[in-house]
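Q: So the protein lines, in turn, are chains F and W.
Counted from 1, the first sequence has number 77 at position 77 by this note's numbering; the numbering is strictly sequential.
To get this note's numbering, take the position in the second sequence, counting from 1, and add 79.
Glycine included, C-beta positions come from ideal geometry on N, C-alpha and C.
Since we're looking at a predicted model, the values are computed, not measured.
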Amino acid sequence: MKIIKVLGSGCSKCEKTAEIITRLAAEAGVDVTVMKETDLAVIMEYGVMSTPAVVIDEQLMHSGSIPHRSDIEAWLAIA
Amino acid sequence: MLDSFTLLADWLVYDLWGLSASTKLGDALHFFIEDTTKIFALLVVMIYLIALLRASMNVESVRSWLVGKSRFVGYLMGSFFGAVTPFCSCSSIPLFLGFTSAGIPVGITMSFLLTSPLINEVAIVLLGSLLGWKFTLIYIVVGISVGVIGGVFLDLIKAEKMLQPFAAKAYMEAKQSAVKGESRRLSLSERHQFAKDELVDIFCRVWKWVIVGVGLGAALHGFVPEGWFAQNLGQGQWWSVPAAVGLGIPLYSNATGVIPVMESLITKGLPIGTTLAFCMSTVAASFPEFILLKQVMQWKLLAILFCLLLCAFTLVGWVFNGIGLFLITAT
């Protein structure tokens with residue numbers, strides 16, 4: 001199972017990012033846990049400066065915007 | 080080329096709806112339609128073009144550029160990058176921490192954050208089309224200067240001592256070597272994709288503000304008598320500038336909403352300095368932003384920042400009230 005974290009201060013873009021990932025994962029039938037990380041100290045540890053950012057299994061995949069559908073699908077496809 | 084928007088408004092308001100140009104409603108409606116159509120058209124073109132150009136810029140590459148630069152270059156470039164780098168205001172705290180933990184002085188980071196809301200492509204399109212290039216240029220120079228001076232001042236008073244403990248610690252333990260920029264070449268299609276996303280994103284965010292701003296502007300334009308501001312809040316009343324700034328700081332708006340209002344205020348005779356001071360203070364600072372900054376700054380520093388902005392914008396107001404008259408008449 002993939003652990004997906006959405007890093008961000010809780011703004012609407014971050015909410016949307018988490019929502020889209022959850023939906024696409026369900027559509028693709030991939031087993032994931034989507035969490036929202038709002039703790040600044042943790043966000044800093046990943047070296048992220050622009051949110052929303054996406055971390056999958058502790059690896060930073062994306063930062064600075066709501067990711068594209070095609071990107072998310074590609075991440076989900078990597079087993 | 081811009082005449083076509085006047086013609087469109089003429090046709091809609093006077094011919095199609097049969098309103099007269101001499102009525103208040105007709106006048107206000109004409110103003111509203113001309114300005115919104117013109118602004119929307121310009122925004123679409125400009126946002127796309129500018130996004131194409133800056134597609135490869137991001138906060139990471141700005142940070143690696145700013146690390147280790149001399150102070151003077153740092154404030155100026157921090158402020159300049161604040162104007163041109165795209166980033167969402169909800170990122171300002173992670174950005175602050177990211178810069179700070181890379182050892183960039185708090186003042187340079189604040190130069191970036193102060194200028195960022197004041198100057199952006201949307202503000203420039205609006206100013207250029209509504210108030211002329213001369214005024215736009217002044218606005219840009221003032222915006223950058225406020226960022227630079229604010230930054231220099233914050234470092235002079237050692238603002239880093241007034242951060243929240245964890246942020247101060249991050250600054251003290253900054254590891255400059257660990258920071259590297261990741262600026263890669265983008266293909267044309269990647270640039271197009273970025274520009275398209277930016278266009279949709281920014282446009283969806285600002286169109287309401289344009290309507291609200293131009294609507295307010297149109298109401299002022301149509302219903303406030305010519306010269307009312309000049310008589311009541313004109314040059315003679317020195318206190319009107321600090322009062323306007325004091326009113327503007329807690330109010331929140333972005334540049335998009337405020338600039339159309341600026342146009343109406345100025346044409347109705349509010350002195351240019353008072354207008355600039357009011358509008359810049361509305362855009363640059365707000366309560367929501369101070370609450371965000373509270374996460375990384377102590378109250379004392381926030382209070383200093385508030386006073387700093389109050390003084391800076393008041394000075395801007397007084398200076399431009401003094402020299403401003405010829406600027407408007409010359410455009």
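Between VAL220 (chain W) and VAL395 (chain W), which are expected to be in contact by the criterion C-beta below 8 Å, what is the C-beta distance as a whole number of angstroms?
A: About 11 Å separates the two Cβ atoms, so there is no contact after all.
Q: With 9 Å set as the bound, which would you pick, yes or no: does the beta-carbon of GLN377 (chain W) sit closer than that to a beta-carbon of chain F?
A: Closer than 9 Å: no.
Q: Going by alpha carbons, who is nearest to VAL138 (chain W) out of W:GLY105, W:VAL124, W:ILE172 and W:THR115?
A: With distances taken between Cα atoms, VAL138 (chain W) lies closest to W:ILE172.
Q: Using the beta-carbon count (16 or more within 10 Å), is ALA363 (chain W) buried or exposed?
A: When all chains shown are included, ALA363 (chain W) counts as buried.
Q: Quick one: residues in its chain with C-beta nearer than 8 Å to the C-beta of LEU389 (chain W), no 5 flanking neighbours on either side, listed in chain order?
A: The residues are PRO321, VAL324, GLY325, ILE328 and SER360.
Q: Out of curiosity, what's the CA-to-CA distance linking ILE81 (chain F) and MET136 (chain W)?
A: The requested residue 81 (chain F) is not part of the displayed model; chain F covers only 1 to 79.
Q: Can you name the residues of chain F whose CB is closer than 7 Å to the CB of ILE172 (chain W)?
A: Correct list: SER9 and LEU40.
Q: Does GLU15 (chain F) come out as helix, strand or coil in the three-state DSSP assignment?
A: Correct three-state label for GLU15 (chain F): helix.
Q: Per DSSP, ALA53 (chain F) forms a beta bridge with which residues?
A: The partner list for ALA53 (chain F) (beta bridge, DSSP) reads F:LEU7 and F:SER63.
Q: Can you find a CB in chain W that lies within less than 9 Å of the CB of ILE43 (chain F)?
A: True, the Cβ-Cβ gap to chain W drops below 9 Å.
Q: Given that a residue counts as buried once 16 or more other Cβ atoms are within 10 Å of its Cβ, and exposed if not, what is ALA88 (chain W)?
A: ALA88 (chain W) is buried by the Cβ-count criterion.
Q: If we ignore side chains and look at the alpha-carbon of each, how far apart do ARG150 (chain W) and SER63 (chain F) end up?
A: One C-alpha to the other measures close to 29 Å.
Q: How would you label VAL92 (chain W), buried or exposed, when you count the other beta carbons within 10 angstroms and need 16 or more for buried?
A: Classification of VAL92 (chain W): buried, given that the 10 Å Cβ count is 16 or more.
Q: Please say whether THR194 (chain W) and SER170 (chain W) have beta carbons closer to each other than 9 Å?
A: Not closer than 9 Å, so no.
Q: DSSP beta-bridge partners for THR33 (chain F)?
A: According to DSSP, THR33 (chain F) bridges with F:ILE3.
Q: With a threshold of 8 Å, are at least 3 pairs of Cβ atoms found where one atom belongs to the stretch 173-187 of chain W and the other to the stretch 45-52 of chain F?
A: Touching, yes, given that three or more Cβ pairs across the two stretches are closer than 8 Å.
Q: Would you say THR51 (chain F) reaches chain W, if we count a Cβ-Cβ gap shorter than 9 Å as a contact?
A: Yes, contact with chain W.
Q: Distance check for ALA77 (chain F) and GLY186 (chain W), CA to CA, integer angstroms please.
A: In a straight line, the C-alpha of GLY186 (chain W) is about 44 Å away from that of ALA77 (chain F).
Q: Using the Cβ count rule (16 or more neighbours within 10 Å means buried), how would you classify PHE392 (chain W)?
A: So PHE392 (chain W) ends up on the buried side.
Q: Going by DSSP, what residue range makes up the alpha helix (DSSP H) through LEU210 (chain W)?
A: Segment 200-210, the alpha helix (DSSP H) holding LEU210 (chain W).
Q: Whole alpha helix (DSSP H) runs in the stretch 134-194 of chain W with 4 or more residues, listed along the chain?
A: With a minimum length of 4 residues, the continuous alpha helix (DSSP H) runs that stay inside the stretch 134-194 of chain W are 138-145, 150-163 and 171-179.
Q: Taking VAL32 (chain F) as the query, report the chain W residues whose CB atoms sit under 9 Å from its CB, ordered along the chain.
A: Chain W residues near VAL32 (chain F): none, gap ~24 Å exceeds 9 Å.
Q: Cutting at 8 Å between CB atoms, please list the residues of its own chain near SER400 (chain W), excluding the five before and the five after it.
A: Correcting the residue type first, residue 400 (chain W) is Asn in the shown sequence and not Ser. Around ASN400 (chain W): GLN314, VAL320, PRO350, ILE351, GLY352 and THR353.
Q: Spell out whether any CB of chain W is found under 9 Å from the CB atom of GLY47 (chain F).
A: Yes, GLY47 (chain F) counts as interfacial toward chain W.
Q: Mind listing the chain F neighbours of PHE446 (chain W)? Cutoff is C-beta to C-beta under 7 Å, in chain order.
A: The structure shown does not extend to residue 446 (chain W), since chain W spans only 80 to 410, so no value can be given for it.
Q: TYR93 (chain W) lies in the alpha helix (DSSP H); which residues open and close that run?
A: Neither: TYR93 (chain W) is in no alpha helix (DSSP H) and is coded neither H nor E.
Q: Please check if any C-beta of chain F sits within less than 9 Å of the C-beta of ASN333 (chain W).
A: It does not: the Cβ of ASN333 (chain W) has no partner Cβ on chain F nearer than 9 Å.
Q: By Cβ distance, which residues of its chain are closer than 6 Å to PHE357 (chain W), with the 5 residues on each side in sequence left out?
A: Closer than 6 Å at the Cβ level, and outside the excluded window around PHE357 (chain W), lie ALA323 and GLY327.
Q: With three or more C-beta pairs closer than 8 Å as the rule, is the stretch 292-301 of chain W touching the stretch 103-112 of chain W?
A: With a cut-off of 8 Å, the stretch 292-301 of chain W and the stretch 103-112 of chain W count as touching, because enough Cβ pairs lie within range.
Q: Pull up the distance between the alpha-carbon of ARG270 (chain W) and that of TYR127 (chain W), whole angstroms please.
A: If you take the alpha carbons of ARG270 (chain W) and TYR127 (chain W), they lie about 10 Å apart.
Q: What does a CB cutoff of less than 8 Å around GLY8 (chain F) pick up in its chain, not counting 5 residues either side in sequence?
A: So the qualifying residues of the chain are CYS14, THR17, LYS36, GLU37, THR38, ILE43, THR51, PRO52 and ALA53.
Q: For the stretch 246-254 of chain W and the stretch 208-216 of chain W, state whether three or more C-beta atom pairs, one from each stretch, are separated by less than 8 Å.
A: Too few Cβ pairs lie closer than 8 Å, so no.
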